Each structure stands twice: as C-alpha cells, then as structure tokens.
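Each residue of the sequence shown is one higher than the one before, counting from 1 in UniProt numbering.
A virtual CB, placed ideally from N, CA and C, is assigned to each residue, including glycine.
All values reported here derive from a predicted model rather than from experimental measurement.
Worksheet: one structure, shown below.
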Amino acid sequence: MAEIPHKVVSPTFERQALTILGAKNELDAPDFDPVDYVNRFFPNEHSIGSIDTVLGKIHDKIRATKVEIERHTTTQSDSEHQAAEELERAKGAIKTLFQNIQDIKCKASHSEAMVQEITQDVKSLDYAKRHLTHSVTALKRLQMLVTAIDQLESMSQSNQYEGSAQLLQAVVQLMQHFKSYKCVPQIALLSERITGLQMSLERKILTTFEQGFQSDGSLSISSNMLHDACKVASALGENTKEKAIKIYVDSQLKPYRQIFGVNEEVSQLDNISRRYAWLKRLLKSCDENHAEIFPRSWCITGRLCEQFCDLTRTDLGRVLGNTQPLDVKEFLKALQLTIEFEGQLSKRYEKMNKYENLDKQMRFEKRISSCFIPHLDVYIDAQDRTLNEMINSYVDSDRRTEDESNVMVLPSSTDLFYFYRETLVQCARFSTGEAFWKLSQLFSKHLRSYCKTVLIDGITRDRNASKDSLRRISLALNTADYCCMTTSQLEDKLKETIDAEFRDKVDLQDSRESFMGAVSSCIDSAVQVLQRACDNYLQQMIRLSWSSLDTVGDQSEYVTYILDAIKESATTVGHTIANKRYFRTFCDRFVDAFLSNFLVHVFRCKPVSEIGAEQLLLDTHAIKTLLMELPLSASDGPTTVPTSYGKLVSKGVSRTETVLKTIMTPLDPLEGFVENYIFLTGDKHVGNYTRLLDLKGIKKSEQGPLIDAFQRRVTSCKEELSENPNLLPNVDLVAQNGSNLSGGFTLSTIASSASNFNQNALPPFVRTSQATSGHTPPGSPNVDGNGSGARTAGRLNENFRKLVMTGMAFRKDLQERRDQQKP
C-alpha cells in the first residue's frame, strides 16, 4: 500500500495554529505523537494491568465530549430559528415603509396640480403686466428718440455744437435699444435720419476745423466753438476724431514742410538742430493758445510730435540717401542730436502715458533715429580708422611709461578698453542690431591687432639682455593676461546688450586665444633674454683650459657671473609678473632650455681632463643649487619649491652629471672604463661612446682599443641597452644652425637634442641610480616635502660615490707609479 504524502509543517507554524485555535489539549496539537502519548500512560510492563482503568477514563471523556457537542448543536439551532423570525419581521416593515412612500408621492403630485390650477390665472396677469411695462418703456424711449432727433436737427442747423454733442450722445444711446426693431419701417426711418445727421455734423465739424486756423497756425474763430466741435467729433466716433486731428496737425505742420522741404538748403544734416528748435516753438505756441480747445485724452501735442517725427524721418532718409559720401562728424552729430531730441519727447510724455487716460500711448524711441541705422556703416568705418590710429600711437606712448615702478600693465590696454566701453554704450544708443554686431566684430579685429602690434611686436623689439628689457616683457605678459580676462567680460556685455537674433554670433574666442598666445610668447622672450645674458659667461667657460687643470677649487668665476645674472633677472621677472603661475612657467622653460644649453657648452669644452670634469661637476652643483631656489625669487616670504619643478631640475642636471662622471673615470683598465660607461648611460650606440671619448681628449688614432673593448662588452651584455644616436647633443649640428651659441642657436634645437638623453633608455637599476644621484648640495630645497626622497637619494648616491672614488684612487696610484718610473 502506497504511503499517503503529507506536507512538512514547520514548528513555528504549528505553534501559531495552536495559538489561533486556542487548543489546550495535546491531542489537538499538529505534532501529536501517539506512541509517546501511550508510553506516558504505560511506562513499563507492570502498568499494563491498569488498562481497564484507563479505558474507563477514555469512555467517560468520550461521553462528556458528546454531551458538549449536543449542547452546542442545540444552541446553534435555536439561534438560527430566532434569526429567521427577525428577518421576516424586517421584510414586513420594509414593505410597509415602501407603501407609505408611494402614498406620499401621489398626494404631492395631486397638490402640485391643484396649485398650478389655482395660479394659472395669476401667471397670465403677470405676463401681461410685464409686456405692458416693456411696451410703455419702449414707447417712452421712442418718444424721447424722436424728440432728440428733432432737437438735434435744429441745433445742427444753427451750429450749436455743445448742445448737439450732448443730444448726439443721447440719440446714439437711445438708438441702441431699437437695434432689434430695425425691420419696423418707422424705426428704420429714424435710423436713416440719425445717419444723415451724423454725416452732416461730420462735414460741418471738419469744415470748422479747416476754417478755424490760419496759415500761420493762429485761430480764426473762437476757441470755445472749436472746443464744442471737439466734443461733437468725440460723439461721432473714432473715425471723425482722427480726421479732425489730422486737419489740425496738417495745418500746424504746413509751414514746417515748406521750410524744411527735401530740396531746401536748410534740410541738410548740418541744420537738423533747427528742425527740432522749430518744433519746440510750435509746442510752446500750442500749449499757450490751443491747450483749452482739445480734450486732454486726445494729447494733441503728442499727435503733433508723432507726425513731425514721421515727416522728419522720411526727409532725413532721403537726405542721407542723396548725400554721398557722408561726413562722419556731421552724421554722428545729427544722430546724437536726434537721440537727445527723442529722449526729451519721451520724457515730456512719460507721465501722461502713465497717469492719464490717453486715447493713444505716445512712443518716441527711435522714431526719427531709425532712418540713420541703414547708414551706420559710416560710423563703424570711422571707429575702425580711429582704433587703427590709437593702436599705432600706443607703440610710442607705452615706451614713455614702462619705466614707472607702479605700472603693472601697459596703460594702452586700459585706455583701449575704456574706449571700447564708451563706444559700446554709444552704439547701443544708436542700434543694438546688425550695426552693433558689426561693432563687436570690429572690437575682435582690433584686439588681435593690439595683441600683435603692441604686445608681440613690442617684445620682439625688446630682446636685448638687460633688466629693462625683462621688465618690459613682463609688463607685456601682465597686459596680455589682463586683456584676456577683460575680453571675456567684454563678450558677456556684448551678448547682454545685443538683440537676441545676433546673440549667438558674438564670439571673441579668437581674441582670447591671441592674448594667451602672447602670454606664451612673452615667457619665451624672457627666457631667451636671460639665455643671452648667460651665454656671454658660458663663452668664458669654453675659453678655459679644462685639460690642464691640476686641482679642484671653489666654483669657477664664470659660474658666479651666471648665478648673479640669473638671480637678478629672475627677481625682476618674479616681482613684475602679477600672476605667479606664469612665473612658474617661466622657471620651468628657462631651466629646461638653460640646462640643455649648458650641456652643449660642456661638449664644446673638449678636451676635458679628469680634474677638469671634477671642477665642472662642482660648478654644475652650484648652478643646480641656484636653480632649485629659482621659484622663490617671486616671493618675499618663505615658500616651498614645487615637487614637479624639483624633478625637472634634477632630471636636467643629471644629464650633465652623467657625462662628467663618465669623463672622471680612468681609462686604465679599459674594461673598467667601458663598464662604468655602460653603467652610467645604459647605451650601446658607438657614436655616443666615441663622442665622450672625444670630450675626454682621446685622439681618434688611440680610440681603437677602447672601441673594441666597448663592442665586446656590448656583445656579451645580458642587460637590455638602448641604441639612441641622439642620446648626446651634437655640437657640430648646433654650430651649423647659428654662427655661435650666444646669439644664433634656437632653443627648440637645443632642447630637442638634449632631451633625447632619455633616462628611460637605461636599465632599471641604472635609471634609479641616476635619478637619485643628483649630489644635492647642503642647503638645497627639499623638493619632495617630506625628506624621504633625500634619504633614498643619499643611500644610492653613497654606493655610486664609492664606485667613483675607487676609480679616482686607482687613477691617483697609476699616476704615482708613472712619476716614479720617470728618470
């Protein structure tokens, strides 16, 4: 028989089930174990005899359970019976309630019908009363309308304008009530009479205005009559009012058209002030004599000014088109006067527009000056010529102020941007559209011109090795930096002012890049000036006899001159340059160029003896000490030398040190010299090897055994060596590029040749040794900031120093034996 599968129930679930069901008997537990339960009743064989007693208890328990079940069943049955009875009673109550509701609805409907029957006669009487009232009102209005029309006809014939205006307004208002009755013949007839009266009144009013003013603008009829005529014109509507205003404005401006016609002499630009003076006199006359005629809402003087501006704009447009070429001064003067005149008119009517209920707002901005906008190229061309003259004059004017100690930027730069600001404001008054965009292009053009003519060409002229030259170059650098920042602000101002359609076209990026290029050129020029100062003393180094030195002393005299020149020049540059990060760039470029140039001059000192190499190494250490402190020249207080700068100096000096340490190695034994060369350079190119032999003073005829030993060692060498023909600077090639190193060399040539002395070409151990064998003199700045680099360099230097000292001792012993062998 197959087992019935069952689900495994967790103990936690069982406990929760017992809690919910309230089970107290262990027989009800889900994990009930019958075997364990029986074993508790019969723990051993002797207890089996009491089985009858146990069975009796179980039967009693069963009977009690049956009784309990019957009791619960009876109770449940009684409850169900009671619930059924209550449900039936509820159904009966709902049926009764529904019947009562139906009865109430029927009675309500019956009552409503009774009320309607009772009030039907009352409604009929109410409707009749309402219609009768409406008819009586209509008849009264009709009577009033007929009477008003009759009176209006009478007053119109007798030119009683004041009464006519009041009656006309009343007639128009009354007629509004009869719009829906125009199909009635009598009403249609009245409407035709009103239209005829309006047309008749309009003709009379316009005739009155035409006859009311003489040719000189004075009154020919009473002002009261004209005032009443204005009331009638307002009552007749907007169209009649505009016709009356036009008649008045034309009559007042008729003399202006005659005096300032296009073909008249006074119509030219040089007489534009007379036009505006004429209008001012007219406005004064109107305010004194005609102010009481027209309602304030008409703002009649404003309408005069509008028509005057429109006529003047048309006339000036023709004058500008017929005048070729335009005189710039007259053009700008006329434009300036026009803008000022427009401002005066706007100010005159500003309060009226704001606080009075005018029929029309008065606007005069660019009402006349808009005719000048198509001809603003004349203004742009004039600014172009002015800026050209200004920039050319700056070349000499800056020279007169460069020696002033309190000057940090060239005065021409501030003067140029001040002119830009004034021109920008002026042009914005003229136009913020296409002309303003052309002005921004002009600004960009002359910023680049200023950068080239004043800054770049200026530093090109100032490359003589002098303190004043360095100061002028530093001032040019400050100026380029200032112009770059101010150009960004200028671009933002241009974009803020110009019209939206041209905003994306404004771009001064080319000008900013020009000034940043000028900053770089200034730094390069300062480096070259200092290089020239040092080259004079490097020539002294070449003229010394490095092969005949017999002792090593203090630093050489040429080193003292070089150090003084570098210190003085760096202090001048450091205290003049405002942005210290540019001074740091200057230090980086100078160190890279100078150390490369110094290595080239070392190769020009050949032959160099071992004692001479020791002296050169001492001189190199003195130069390194100063170069490590070079960034501190720009500050008055104590600072820390940047780590990257210290690495740059150490890397450049290590090239020269490697060459000099190789020269210091004795030739005897040959294998020791070759081994030391490979150890120091990590290079297997025979050309570099022979170049060092030449520097050491070994003749070509004596280099054969040394070259053979070098090639044997390279062939058997297990380490990975580089083979770079440009590892050492080619002095002959440098000499071909210029007549001498003091003036004809190019920094890029020297830097490229010297930088090929790559530390990465050496084996790992050799690279580590060289990179940390800088022999930093006492008192040199700590470039890594924590001293750990110095301690590591000290340990590696000590190993290398022992190797070099062993070679020097061997050389000394060899020299003593040779001296003893001499007769």
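Distance CB(residue i)-CB(residue j) smaller than 8 Å
i	j	result
D550	I611	yes
G697	V608	yes
C299	M362	yes
L168	V266	no
R716	G682	Here residue 716 is Ser; the residue named in the question, Arg, does not match the sequence. No.
V407	L455	no
N597	Q539	no
T432	D499	yes
L206	I247	yes
V328	A382	yes
S444	S511	yes
V527	R589	yes
I339	S369	yes
L269	L311	no
V146	L197	no
Rounded straight-line distance, which links the Cα of residue j to that of residue i
i	j	result
I149	K182	16 Å
F417	L410	12 Å
Q304	C286	The residue you asked about is not Gln; residue 304 is Leu in the sequence shown. Answer to the nearest angstrom: the Cα atoms are 10 Å apart.
Q143	E162	22 Å
A291	R348	15 Å
N239	M155	22 Å
I101	S135	49 Å
R471	D481	15 Å
A735	I562	Residue confidence for A735 is low, a pLDDT of 47 falling below 50, so the modelled location carries little weight; the figure read from the coordinates is stated next. Approximately 22 Å, taken between the alpha carbons.
S514	L508	10 Å
V600	L439	52 Å
L648	T620	15 Å
T119	A93	39 Å
T314	R429	20 Å
L494	G237	48 Å
T643	S635	17 Å
F41	A83	47 Å
A751	S525	With a pLDDT of 38 at A751, under the threshold of 50, the predicted position of this residue should be treated as unreliable, though the coordinate-derived value follows. Rounded to whole angstroms, A751 to S525 spans 16 Å at the Cα level.
P325	A334	15 Å
C230	F331	42 Å
Residue i: CB within 7 Å of a non-hydrogen atom of the ligand ADP
i	result
I663	As presented, the structure is devoid of all ligands, the ligand ADP included, so that no description of it is given.
Secondary structure of residue i, DSSP reduced to three states
i	result
S722	strand
L219	strand
F590	helix
D683	strand
A476	helix
F294	coil
Q143	helix
F42	coil
A790	With a pLDDT of 37 at A790, under the threshold of 50, the modelled position of this residue cannot be trusted; read the value that follows with caution. Three-state DSSP puts A790 in a helix.
F209	helix
P631	helix
P185	helix
S159	Looking at the sequence provided, one finds Asn at residue 159 rather than Ser. N159 falls in the coil class under three-state DSSP.
Q99	helix
S488	helix
E264	coil
D554	coil
V232	helix
C717	coil
I498	coil
E365	coil
P705	helix
F372	coil
A428	helix
R348	helix
W546	coil
E356	coil
Cβ separation of residue i and residue j, assumed to be a contact under 8 Å, to the nearest whole Å
i	j	result
N289	L219	7 Å
R318	V262	5 Å
Y276	F341	5 Å
I523	T585	6 Å
L201	S164	6 Å
Min CB distance residue i to chain C below 8 Å
i	result
R604	Absent here is chain C; the protein component of the structure consists of one chain.
Whole beta strand (DSSP E) runs in the stretch 309 to 343 with 3 or more residues, listed along the chain?
none
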